[in-house]
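Report on the following structure.
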Amino acid sequence: MKRLPLFAAALITALASGGMTTASQAEMLTVGANVGNVPWEFQDESGETVGFEVELATEVAKRIGFEGIQIENIPFSGLFSAVQSGRVQTAISSITITAERLKSVSFAQPYYDSDQSLSALATSDVKGTSTLKDKVVGVDTGSTGDIYATGKQAELGIKEIRRFEGLAPAMLDLGNGGIDGYISDIPAVAYYIKDKPQFAVVERIKTGEQYSMMFAKDSELTAKASEAISAMKKEGFISKLHETWFGSVPEDTTSTVAEAETPKTTD
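So this is what it looks like as structure tokens:
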């Protein structure tokens, strides 16, 4: 699905390289994102950065006092240091909230529930994680898929783990036979392959993950963003985003609909 965002007037600029916020940009919320992460943040045919999280972050920014958002394209593994250093004020890219990450960054309340997945060529003999013995598996650098594959490598007999900076290069290598399988978040992969019958999601790996906007540790923007997300859930804004980008109505029990607490460290 390729479409313009709901708020076409939103001021969104995708930057090629980094830099601190300048005075002329002071009213824009600076957002780090791994652009190319469908359907969350990617460029449409006109070159405009669009996606579920682009629209969500734009609405959050407006509700907490900014004019809009300014996106800086950063590899996924660099998003954490980008918010910690102040290079950007927040980051999006289907980022999973984990106890380990909460030790060094903060997250607003979650807005999407997810799991991992194993993808392979439809003609492959890879039919699930139990068939990964002596196989080469791709993951996104520093992702929860990376964490899962690394932790399960010995148990599953994975021959090698290859790391990529995003879904597109990983799927290209999968298509070319460079890797035998790809472990990554299921929503993005399912969206990517819906018109590519040569690929298949062969297993949904139950990991019980949740996504949200990431901020510097104890940033005052975290609570403000959580409050905005609560209001957006009550109004059905995020549910409509889900319908737009995934073509289905989210269940009432999911974090897309149900309000949640701002995540805290447990220690």
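Residues in the sequence shown are numbered from 1382 upward in steps of one, following our numbering.
Here a beta-carbon is modelled for each residue, glycine too, at the ideal position from N, C-alpha and C.
Keep in mind the model is a prediction, meaning the values are calculated, not measured.
Review point. In or out: Thr1647 buried (at least 16 other Cβ within 10 Å) or exposed?
Key: Around the beta carbon of Thr1647, fewer than 16 other beta carbons lie within 10 angstroms, which makes this residue exposed.
Review point. Where Tyr1529 and Lys1621 are concerned, what is the direct C-alpha to C-alpha distance, given to the nearest angstrom?
Key: Note on geometry: alpha-carbon atoms of Tyr1529 and Lys1621 lie some 31 Å from one another.
Review point. Does DSSP put Glu1429 in a helix, a strand or coil?
Key: Look at Glu1429 here: in three-state DSSP terms it is coil, with no helix or strand label.
Review point. Counting along the chain, where does the beta strand (DSSP E) carrying Ile1542 start and finish?
Key: For Ile1542, the enclosing beta strand (DSSP E) has its first and last residue at Glu1541 to Phe1545.
Exercise for review: Please confirm if the segment 1470-1479 is in contact with the segment 1580-1594, defined as three or more CB-CB distances below 8 Å between the two stretches.
Suggested key: Contact holds: three or more Cβ-Cβ distances are below 8 Å.
**Study point:** Closest by C-alpha distance to Ser1565, when choosing among Lys1514, Asp1554 and Ile1586
**Key:** Taking each of Lys1514, Asp1554 and Ile1586 in turn and checking the Cα distance to Ser1565, the smallest one comes out for Ile1586.
Check your understanding: Ordered along the chain, which non-local residues of its own chain (more than five positions away) have a Cβ less than 7 Å from that of Val1464?
Key -> For Val1464, where only same-chain residues beyond five positions count, the Cβ hits under 7 Å are Gly1413, Thr1471, Ala1472, Val1486, Met1595, Phe1596 and Ala1597.
**Study point:** For Lys1516 and Phe1461, the rounded distance between their alpha carbons
**Key:** Rounded to whole angstroms, Phe1461 to Lys1516 spans 30 Å at the Cα level.
Point to revise | For Ile1567 and Glu1632, the rounded distance between their alpha carbons | key: Distance between the alpha carbons of Glu1632 and Ile1567 is about 17 Å.
Practice item. Would you decide whether Leu1553 is buried or exposed? Buried here means 16 or more other CB atoms lie within 10 Å of its CB. Key: Label assigned to Leu1553: exposed.
Practice item. Please go through the same chain and pick out, in chain order, the residues whose beta-carbon is closer than 6 Å to the beta-carbon of Asp1549, but skip the five residues on each side of it. Key: Correcting the residue type first, residue 1549 is Ala in the shown sequence and not Asp. The residues are Gly1417.
Review point. Val1582 and Ala1571 look like a contact to me (Cβ under 8 Å); what is the Cβ gap, rounded to whole Å?
Key: In this structure, Val1582 and Ala1571 form a Cβ contact; the two beta carbons are roughly 6 Å apart against a cut-off of 8 Å.
Exercise for review: May I ask you to report which of helix, strand or coil DSSP gives Pro1644?
Suggested key: Collapsing the DSSP output to three states places Pro1644 in coil.
Exercise for review: Could you name the residues that DSSP lists as bridge partners for Ser1600?
Suggested key: None; Ser1600 has no bridge partner.
Review point. Name the DSSP beta bridge partners of Thr1519, please?
Key: Before going further, note that residue 1519 is Gly rather than Thr in the sequence given. As computed with DSSP, Gly1519 is found in a beta bridge with Arg1543 and Tyr1563.
Review point. Where does Ser1405 land, buried or exposed, given buried means 16+ other C-beta within 10 angstroms?
Key: With a pLDDT of 45 at Ser1405, under the threshold of 50, the modelled position of this residue cannot be trusted; read the value that follows with caution. Burial call: exposed.
Exercise for review: Output the boundary residues of the beta strand (DSSP E) element that contains Ser1511.
Suggested key: No residue range can be given for Ser1511, since it is assigned to no beta strand (DSSP E) and is classified by DSSP as neither H nor E.
Practice item. Pull up the distance between the alpha-carbon of Asp1561 and that of Ser1524, whole angstroms please. Key: Spanning the alpha carbons of Asp1561 and Ser1524 requires a straight line of approximately 19 Å.
**Study point:** Near the ligand NAD: Met1409 beta-carbon under 7 Å from a heavy atom
**Key:** Judged by which ligands are present, the structure shown has none, so any question about the ligand NAD falls away.
Check your understanding: If Gly1432 sits next to Glu1422, beta carbons under 8 Å apart, how far is it from one beta carbon to the other, in whole angstroms?
Key -> Contact between Gly1432 and Glu1422 holds, with the beta-carbon distance rounding to 4 Å and staying under 8 Å.
Practice item. Specify, as a first and last residue, the run of the beta strand (DSSP E) that Phe1580 falls within. Key: Counting along the chain, Phe1580 sits inside the beta strand (DSSP E) bounded by residues Phe1580 to Tyr1592.
**Study point:** Whole-angstrom C-beta distance between Pro1578 and Thr1503, which should lie under 8 Å
**Key:** The sequence given here has Ala at residue 1503, not Thr. Cβ atoms of Ala1503 and Pro1578 come within 8 Å of each other, at about 7 Å.
Practice item. Identify, in the order they occur along the chain, each residue of the same chain with its Cβ nearer than 7 Å to the Cβ of Ser1636, setting aside the five sequence neighbours on each side. Key: Taken in chain order, the residues that qualify are Pro1491, Tyr1492, Tyr1493, Asp1494 and Gln1591.
Check your understanding: Do Leu1513 and Gly1538 have their CB atoms nearer than 8 Å?
Key -> Cβ distance < 8 Å, so Leu1513 and Gly1538 count as in contact.
Review point. Residues in its own chain within less than 6 Å of Thr1588 by CB, not counting five upstream and five downstream?
Key: So the qualifying residues of the chain are Asp1496 and Gln1497.
Check your understanding: Would you call the CB atoms of Glu1408 and Phe1447 closer than 8 Å?
Key -> If you check the CB distance, Glu1408 and Phe1447 come in under 8 Å.
**Study point:** Beta-bridge partners of Gln1470, as assigned by DSSP
**Key:** BP columns for Gln1470 are empty, so no partner.
**Study point:** Rounded C-alpha distance that separates Tyr1573 from Asp1527
**Key:** Counting only the Cα atoms, Asp1527 lies some 19 Å from Tyr1573.
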